[in-house]
Structures are given as C-alpha cells and as structure tokens.
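Going line by line, the protein sequences match chains A and B.
Taking our numbering, the leading residue of the first sequence gets 25, the next gets one more, and so forth.
Taking our numbering, the leading residue of the second sequence gets 25, the next gets one more, and so forth.
2 protein chains.
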Amino acid sequence: MKFLSELILMDGDNSFLLQKRIALLDAIDKVGSLSAAAKMVPLSYKGAWDMIDAMNNFCPSPVVQKATGGVGGGGTTLTEYGKNLVKTYEVIYREHQKFLETISHVTDFDSGSLKFFRRFNMQISARNQIVATVVEIKSDNVNATLHMKLKSGYIMTSVITAGAVENLGLNLGDEVIVIFKSNSVLLSTDLNLKLSAMNKLSGIVEKIHLSDINCEVVVNVGGDYIASVVTKSAVEALDIKVGDSVNAIIKSSDVMVGK
Amino acid sequence: MKFLSELILMDGDNSFLLQKRIALLDAIDKVGSLSAAAKMVPLSYKGAWDMIDAMNNFCPSPVVQKATGGVGGGGTTLTEYGKNLVKTYEVIYREHQKFLETISHVTDFDSGSLKFFRRFNMQISARNQIVATVVEIKSDNVNATLHMKLKSGYIMTSVITAGAVENLGLNLGDEVIVIFKSNSVLLSTDLNLKLSAMNKLSGIVEKIHLSDINCEVVVNVGGDYIASVVTKSAVEALDIKVGDSVNAIIKSSDVMVGK
DNA sequence: TATCAATATATATTAAGCTATATAACGCTA
DNA sequence: TAGCGTTATATAGCTTAATATATATTGATA
Numbered sequence: 025m026k027f028l029s030e031l032i033l034m035d036g037d038n039s040f041l042l043q044k045r046i047a048l049l050d051a052i053d054k055v056g057s058l059s060a061a062a063k064m065v066p067l068s069y070k071g072a073w074d075m076i077d078a079m080n081n082f083c084p085s086p087v088v089q090k091a092t093g094g095v096g097g098g099g100t101t102l103t104e105y106g107k108n109l110v111k112t113y114e115v116i117y118r119e120h121q122k123f124l125e126t127i128s129h130v131t132d133f134d135s136g137s138l139k140f141f142r143r144f145n146m147q148i149s150a151r152n153q154i155v156a157t158v159v160e161i162k163s164d165n166v167n168a169t170l171h172m173k174l175k176s177g178y179i180m181t182s183v184i185t186a187g188a189v190e191n192l193g194l195n196l197g198d199e200v201i202v203i204f205k206s207n208s209v210l211l212s213t214d215l216n217l218k219l220s221a222m223n224k225l226s227g228i229v230e231k232i233h234l235s236d237i238n239c240e241v242v243v244n245v246g247g248d249y250i251a252s253v254v255t256k257s258a259v260e261a262l263d264i265k266v267g268d269s270v271n272a273i274i275k276s277s278d279v280m281v282g283k
Numbered sequence: 025m026k027f028l029s030e031l032i033l034m035d036g037d038n039s040f041l042l043q044k045r046i047a048l049l050d051a052i053d054k055v056g057s058l059s060a061a062a063k064m065v066p067l068s069y070k071g072a073w074d075m076i077d078a079m080n081n082f083c084p085s086p087v088v089q090k091a092t093g094g095v096g097g098g099g100t101t102l103t104e105y106g107k108n109l110v111k112t113y114e115v116i117y118r119e120h121q122k123f124l125e126t127i128s129h130v131t132d133f134d135s136g137s138l139k140f141f142r143r144f145n146m147q148i149s150a151r152n153q154i155v156a157t158v159v160e161i162k163s164d165n166v167n168a169t170l171h172m173k174l175k176s177g178y179i180m181t182s183v184i185t186a187g188a189v190e191n192l193g194l195n196l197g198d199e200v201i202v203i204f205k206s207n208s209v210l211l212s213t214d215l216n217l218k219l220s221a222m223n224k225l226s227g228i229v230e231k232i233h234l235s236d237i238n239c240e241v242v243v244n245v246g247g248d249y250i251a252s253v254v255t256k257s258a259v260e261a262l263d264i265k266v267g268d269s270v271n272a273i274i275k276s277s278d279v280m281v282g283k
C-alpha cells in the first residue's frame, strides 16, 4: 500500500491540508452533503469541491459518490474506499503522534544522536506481544520485578534490569507491551500444577501447526493469543487437541517489556 | 528537550519550511555568510534574514553569531548550539523517514488497523541490542535459523519462528538488530570451551556492577557492549575482574531479531 | 580616510491559494 | 411543469508570503 503513505505521510509539506481533507471526508460521512460538510470544516464550497476532485482523481478508486439533482437536490456519500481512508488515517495519525512524542525523549540534543538505542523504531521477531498495565514495580540495584495486568485479568511477572526500568521511564499505571518468544512458552495439561516465580496462564488451544520436528500451538487466553513452539513429540505425549484447556507457562526472566 | 520537538516536529504544518531552515544553517556553516548561504539554498536575503532572526529569538540560545562590518564586510557563523541543531535534526529526520516507510507496510488499509503488532513503535527493556547484517536464512514450516554478522565480525545465530521471518520481511543482507536479555548471557573464563548451537563471543570485561544478590557484567566484544546479569556467587567463583578475557554465551533460541 | 563586502531595514511587486459570489445544470417530487 | 436543494463551474477579490530591489550602516584594512 505504498500509495497510501504517499498520500498521507509523504505530504509533509502540508500535513495540515491533509488534516482538512480527512476532516472533510469525515464531515461528508456525517452530513451526506458536500456543501454542508464544507460549512462544517469550515471551507469554501469551491475549496471543498476541488479537494474531493483531486482525491478522486489521485486515488486508484473514488473516495466519494456524488449525485446531482433529485429529491433534496442530490448529495455526496463516502465510498467504502473513502471510509477506509479515514479509518486508516486515524490509526496512522495516532501512531505518528506517539512517534513524535517518543523521539524527543530519546534524542540527545548535545551529541545529536539517539540516547539509549540506535533504533527504537522497529518490529521485533517475538510472536507474543500483549498489551498490559503496570501494577507493581519492585527494584534493587541490578534487577527489577514488574507485575503487569493483562486485559484478561491475568497478572504477568517480568524480571528485567533496573537500568531498563529507568531507561523506559516505567511507572505504575503505564500501558506497556509484554513480550516473550514462543520458544519460552511451555505447555501443560495439569491445570492444578503449582509453580513458583512463573507465569501460568490458562487458556483454550485455538490452533495447532505442525512441522517435522516442531509444533506451533496457539492458545487463547481470555482474548489474548499466545503462541508456543514445542517439539512434536511433546504435543503427542500431552495429547493436545484444538479446544483443549491448557496452561501456558513462561519464566518471568524470559519476559521482556516494551513501551 | 521538549522545545526541540516543538521546533522540529510539531511544526507539521510546514515541515518543508523547517527543511529550508536547516538547509540554511547548513549552508551558513559551510560558507560563513548569510547572503551567500541564502543564494545557495536558494532564498531571498530578506527571507533568510527573517528566518535566522526568528530562530535566534525563539531558541533559548542564539543559533548564529553575526558580525557586521570589518574585513570582508563581516559574516555569520553557527554557534555550538546551532551546530547541534543541525546534527540533531539529521538524526531525527532519518528516523522519521524510517518510521514513514515502516508504517505504510504494517498498516492494513482495508481494516484501518496495524497489521501485525498493535504497536511497533516502542522501546524494549532488553539491554543488549546490537546492529548486525543477515548473512544466512534457513527455514522450515515452523522455525527459522538466522545467521547474522556483527560489525566485530562475529556471527550470531538466532532461532525464531518462520512466521516472524515473514512478518518482518527479512532478507539476506538486511540490517537488523540482534536482541537478547542480559539474563540470557552466561559468562565463562574457559576460552576454549566447545559448545554446540550456541553463540560464543570473546571479549574483555569493561565494568562490574554489584548488588546483594546479582551482578551486572559489561563485556566489550569488538566494540559492541554486551551486558550480562549473573549471580554474585558466580562472579566470585569465576574470579572475574575488569580487564579479564571472558566468553559471553547466549543460546540461539534466546536471541530475538528486530528490524 | 576611502574602500569593501557583509549585515540591517524598508518598500513595492509578484505569485499562489483561498474565499466570496454568481450562475448553470440536474433530477426527483408535488 | 414549477420548485427545491444540491452539484458543477467560472470569475473577481482578498490575504499571505516570498521575492526583488534599493539604501543605510558597520568596522577592519590598505
């Protein structure tokens, strides 16, 4: 979807104009008329008309459908494509704002470099990335123990270095991402198993994906999906099938935190 | 450094103007004169003068030092502050471009959401994040083995899911970030130790940071720093001191990859 | 002290974009 | 067929910002 980034983002010259364009689309969706939407934004009718015309020509698919004449004189409505454009813009805009906020914190003005990490804007290979809220922080000189609450209600524990807590600026109540590799996830069918200092999450097996040696098992834990890679023989020994109840077990030292 | 983000980034209305401002500063630094720099950008003299005046007034510290009269008529030179501004802008600009490029790939236009991860723009708690280049990819249905070359020449191995390789769009030659927790790093003084399927990196102990129970040891491996957290007793047993040669050992399944 | 090339400052012109306004075309309804 | 509120289209006017241009000022140097 390269075209989208060009329309929305590369337009750095005047992202302000872009915001008006999206506001216009949004208003059209609400009002059903270009002239009325133009007044809402506000924008002159011709200005609004030119914008829509430009977008319809530029986009691979029209953004609005216009009707002239008829009862009520006609009207303008968003196409499915136009609605997607608005929705996508909002996602990207929010993410962009977050980017702007973050980068000012991690940039070192005096040296002209990124303070902690060379790149913080990246995707990582870990399959398991779950949103959570920090509910407790315990720290000594070297290590810190974090407790985080998932939306399913489960509390997860992570042990990371105290330096990392400081670098991330972690505080109680922060929304964070709990990260762990699928290799770090063990499975157990003994639901009453007692373990210390471990994360134990009960869920339902959603999907099983086999290869010659390994096996990826996806477990639904209260709406969050956890991927586990275990050996094929382990799955056979436990006799795990889709729909079974299982425990996903993750060592707290295998759990990382992102913010 | 909140002010910086306001100057550089919040100026979304006309980041184009901003680019001109930076280009002007850069030209001044090269030429040593405002009028000559204005011609280079290009920009009218008054336009350039107004820009500089605005920046000098807006910034907490002047951006340039101007001299009128004297041999050669005077001149304009960047202050230390102005030089930092240019340097910092370049870092942020590059990072911003990367952001723009990435977000168009991970945004799903049809649903208006982020495709793979809810947030990819984050810092993570892992202390060890080292730049490397992908030199080999072996993949089966579930797992993939990656070989990556550090700038020090060492090859590191990572085992991640095949799905992750696909999501990240990993290819040979890509620049990636090797990520692992300091808890996953073992230390050994037996430099000839043979291990299979492990990452073994020789380096020099740079720093030792003690607490009651744990101990953080920082090892310099050919210019890259690797942090290891081990128990205090282990450090005492191995008798590790700053300046010693040690091996840092990381299981390949503990190594994550970021892009 | 005259000279020189730069800064400092003001004014008129140009360019671009948007607004305001007017008018035509349209097609359903009563 | 007359009425309506909308889209479609053209034009004149306003606003803003940048440019072009001109002129004064400055201070070390020959």
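Glycine included, every Cβ here is placed at the ideal spot set by N, Cα and C.
Residue environment, L196 (chain A), which counts as buried when at least 16 other CB atoms sit within 10 Å: By 1-based counting over the first sequence, the position of residue 196 (chain A) is 172. Exposed, by the Cβ-count rule.
Nearest candidate by alpha-carbon position, reference V166 (chain B), set A:K44, A:S235, A:R151 and A:N80: Position 142 of the second sequence, counted from the start, is the residue given in the question as residue 166 (chain B). The shortest Cα separation from V166 (chain B) among A:K44, A:S235, A:R151 and A:N80 belongs to A:S235.
Residue environment, D248 (chain A), which counts as buried when at least 16 other CB atoms sit within 10 Å: Residue 248 (chain A) sits at position 224 when you count from the first residue of the first sequence. Answer is buried; the Cβ neighbour count reaches 16.
Reference R45 (chain B), options B:L109, B:E104 and B:G93, closest by Cα: As a position in the second sequence, residue 45 (chain B) is number 21, starting the count at 1. The shortest C-alpha separation from R45 (chain B) is found at B:L109.
Residues of its chain near G99 (chain A), where Cβ-Cβ distance is below 7 Å and the 5 sequence neighbours each way are ignored: Working through the first sequence from its first residue, we reach residue 99 (chain A) at position 75. Taken in chain order, the residues that qualify are G56, S57 and A91.
CA-to-CA distance, L192 (chain A) to T169 (chain A), given in whole angstroms: The sequence position of residue 169 (chain A) within the first sequence is 145, counting from 1. The sequence position of residue 192 (chain A) within the first sequence is 168, counting from 1. Each residue's alpha carbon lies about 14 Å from the other.
At least three beta-carbon pairs within less than 8 Å, the segment 153 to 167 of chain B to the segment 172 to 183 of chain A: no
Segment contact, 8 Å Cβ cut-off, at least three pairs: the segment 126 to 134 of chain B with the segment 149 to 156 of chain A: no
Outcome for G96 (chain A) when other beta-carbon atoms lying within 10 angstroms are tallied against a minimum of 16: Looking up residue 96 (chain A) in the first sequence gives position 72. Per the 10 Å Cβ criterion, exposed.
Buried or exposed by the 16-neighbour rule on C-beta atoms within 10 Å, applied to F82 (chain B): Residue mapping note: residue 82 (chain B) aligns to position 58 of the second sequence, counting from 1. Label assigned to F82 (chain B): exposed.
Beta-ladder partner(s) of D164 (chain A), from DSSP: Within the first sequence, residue 164 (chain A) is the residue found at index 140, counting from 1. None, per the DSSP bridge assignment.
I46 (chain B) in three-state terms, based on DSSP: Sequence index remark: in the second sequence, residue 46 (chain B) carries index 22 (1-based). Three-state DSSP puts I46 (chain B) in a helix.
Y105 (chain B) versus K173 (chain B): straight-line alpha-carbon distance, rounded: The residue given as residue 105 (chain B) occupies position 81 in the second sequence. The residue given as residue 173 (chain B) occupies position 149 in the second sequence. Straight-line Cα distance between these residues: approximately 37 Å.
Helix, strand or coil at S257 (chain B) according to DSSP, with G and I counted as helix: For the purposes of this step, residue 257 (chain B) is identified with residue 233 of the second sequence, where counting begins at 1. S257 (chain B): helix per DSSP, three-state reduction.
CB contact below 8 Å: D134 (chain B) versus chain A: The residue labelled residue 134 (chain B) in the question sits at position 110 within the second sequence. It does; some Cβ of chain A falls within 8 Å.
Short CB-CB distance (under 8 Å) between I131 (chain B) and chain A: On the second sequence, position 107 is the one that residue 131 (chain B) refers to. According to the sequence shown, residue 131 (chain B) is Thr rather than Ile. By this cut-off, T131 (chain B) is an interface position.
L219 (chain A) classed as buried or exposed, judged by whether at least 16 other C-beta atoms fall within 10 angstroms: If you number the first sequence from 1, residue 219 (chain A) lands on position 195. Under this definition L219 (chain A) is an exposed residue.
Of the listed residues B:D198, B:K256 and B:A251, nearest to G187 (chain A) (C-alpha basis): Locating residue 187 (chain A) in the first sequence gives position 163, where the first residue counts as 1. Selected option, being the one with the closest Cα: B:A251.
Neighbourhood of S277 (chain A) by C-beta, 7 Å cutoff - its chain only, sequence neighbours within 5 removed: On the first sequence, position 253 is the one that residue 277 (chain A) refers to. The residues are V183.
Segment limits, beta strand (DSSP E) that includes L225 (chain B): Walking along the second sequence from the start, residue 225 (chain B) turns up at place 201. Here the beta strand (DSSP E) through L225 (chain B) covers M222 to L234.
Option nearest V253 (chain A) by Cα separation, candidates A:F204, A:L41, A:R118 and A:G282: Numbered from its first residue, the first sequence carries residue 253 (chain A) at position 229. The shortest C-alpha separation from V253 (chain A) is found at A:F204.
CB contact below 8 Å: F82 (chain B) versus chain A: If you number the second sequence from 1, residue 82 (chain B) lands on position 58. Chain A, which has no Cβ nearer than 8 Å to the Cβ of F82 (chain B), makes this no.
Proximity test, Cβ basis, 8 Å: R45 (chain B) and chain A: Position 21 of the second sequence, counted from the first residue, corresponds to residue 45 (chain B). So, not an interface residue.
Cutoff 8 Å; reference D50 (chain A); Cβ partners in own chain excluding five residues on either side: Sequence index remark: in the first sequence, residue 50 (chain A) carries index 26 (1-based). Counting only Cβ-Cβ distances below 8 Å, and skipping sequence neighbours, we find V110.
Neighbour list for E240 (chain B) in chain A, Cβ cutoff strictly below 7 Å: The residue given as residue 240 (chain B) occupies position 216 in the second sequence. V166 and T185, listed in chain order.
V189 (chain A): first and last residue of the uninterrupted beta strand (DSSP E) it sits in: In the first sequence, the residue the question calls residue 189 (chain A) occupies position 165. Per DSSP, V189 (chain A) belongs to no beta strand (DSSP E); it is in the alpha helix (DSSP H), A186 to L192.
Three-state secondary structure (DSSP) of F133 (chain B): The count along the second sequence starts at 1 and reaches residue 133 (chain B) at position 109. Here F133 (chain B) sits in coil by DSSP.
Under 7 Å by beta carbon: chain A residues contacting T112 (chain B): Taking the second sequence and counting its residues from 1, the one referred to as residue 112 (chain B) is at position 88. Within 7 Å Cβ-Cβ: T131, F133 and G136.
Nearest neighbour of A61 (chain A), chosen from A:S85, A:M79 and A:T101 [CA to CA]: Residue 61 (chain A) sits at position 37 when you count from the first residue of the first sequence. Taking only the C-alpha atoms, the option nearest A61 (chain A) is A:T101.
Where the beta strand (DSSP E) through S212 (chain A) begins and ends: Along the first sequence, read from residue 1 onward, the residue named residue 212 (chain A) stands at position 188. Here the beta strand (DSSP E) through S212 (chain A) covers V209 to S212.
Residues that E199 (chain B) bridges to, as DSSP identifies them: To locate residue 199 (chain B), count along the second sequence from 1; it is residue 175. DSSP, once it has assigned bridges, lists B:T157 as partnering E199 (chain B).
Short CB-CB distance (under 8 Å) between I116 (chain A) and chain B: The count along the first sequence starts at 1 and reaches residue 116 (chain A) at position 92. Chain B contact via Cβ: present.
Proximity below 8 Å, CB of I154 (chain B) to CB of N223 (chain B): Along the second sequence, read from residue 1 onward, the residue named residue 154 (chain B) stands at position 130. Along the second sequence, read from residue 1 onward, the residue named residue 223 (chain B) stands at position 199. No, they are not a contact pair.
Nearest residue (CA-CA) to I52 (chain B), options B:K107, B:L42, B:D74 and B:S85: Counted from its first residue, the second sequence places residue 52 (chain B) at position 28. If we check each option's Cα against that of I52 (chain B), B:K107 comes out closest.
Exposed unless 16 or more other CB atoms sit within 10 angstroms - verdict on N207 (chain A): Here the question's residue 207 (chain A) lines up with position 183 in the first sequence. Buried: at least 16 other Cβ atoms inside 10 Å.
For S59 (chain A), the first and last residue of its enclosing alpha helix (DSSP H): Reading the first sequence from its first residue, position 35 is the one you call residue 59 (chain A). Note, S59 (chain A): alpha helix (DSSP H), L58 to M64.
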